[in-house]
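Engineer: Residue numbers (this note's numbering): 34 to 121.
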Amino acid sequence: MATKLLNVGFGNMVVVARVIAIVDPGSAPMKRLKDEAKQAGKLVDATNGRRTRSVIVTDSDHVVLSAIQTETIAQRLEAEAFPGRKAG
């Protein structure tokens, strides 16, 4: 069985099966989650120096920051998880 990868921008990938949530970074709880992950050494910054537009939470409690819009990543995740299904 091949591992499916999700492109989170700039050549960075996350294993599809490990993704729990893709959320907008603007809320106070997401900012707290980001700070807690940084303190625990579980923050992965995949923004390549750009503005964070989505936060990806994995089942290993890692938090991945991406410069790609939440909706775009969700569409990519759906395409990887359900190949052949049309988005929308």
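Note that beta-carbon positions come from the ideal geometry of N, C-alpha and C, so glycine has one too.
1) Check each candidate in T80, R109 and D92 and name the one with the smallest Cα separation from A54.
2) From which residue to which residue does the beta strand (DSSP E) around A54 run?
3) Taking the beta strand (DSSP E) that D92 belongs to, which residues open and close that run?
4) Would the segment 72–85 count as touching the segment 34–53 if we require 3 or more Cβ pairs under 8 Å?
5) Pull up the DSSP beta-bridge partners for M46, would you.
6) Please go through the same chain and pick out, in chain order, the residues whose beta-carbon is closer than 6 Å to the beta-carbon of D57, but skip the five residues on each side of it.
Structural biologist: Checking against the coordinates, here is how it stands:
1) Of T80, R109 and D92, the smallest CA-CA separation from A54 is found for D92.
2) Counting along the chain, the unbroken beta strand (DSSP E) around A54 starts and ends at V52 to V56.
3) From DSSP, D92 is part of no beta strand (DSSP E); its letter is neither H nor E.
4) Three or more beta-carbon pairs separated by less than 8 Å link the segment 72–85 to the segment 34–53, which places the two stretches in contact.
5) In DSSP, M46 forms a bridge with N40.
6) So the list reads T103, once near-sequence residues are dropped.
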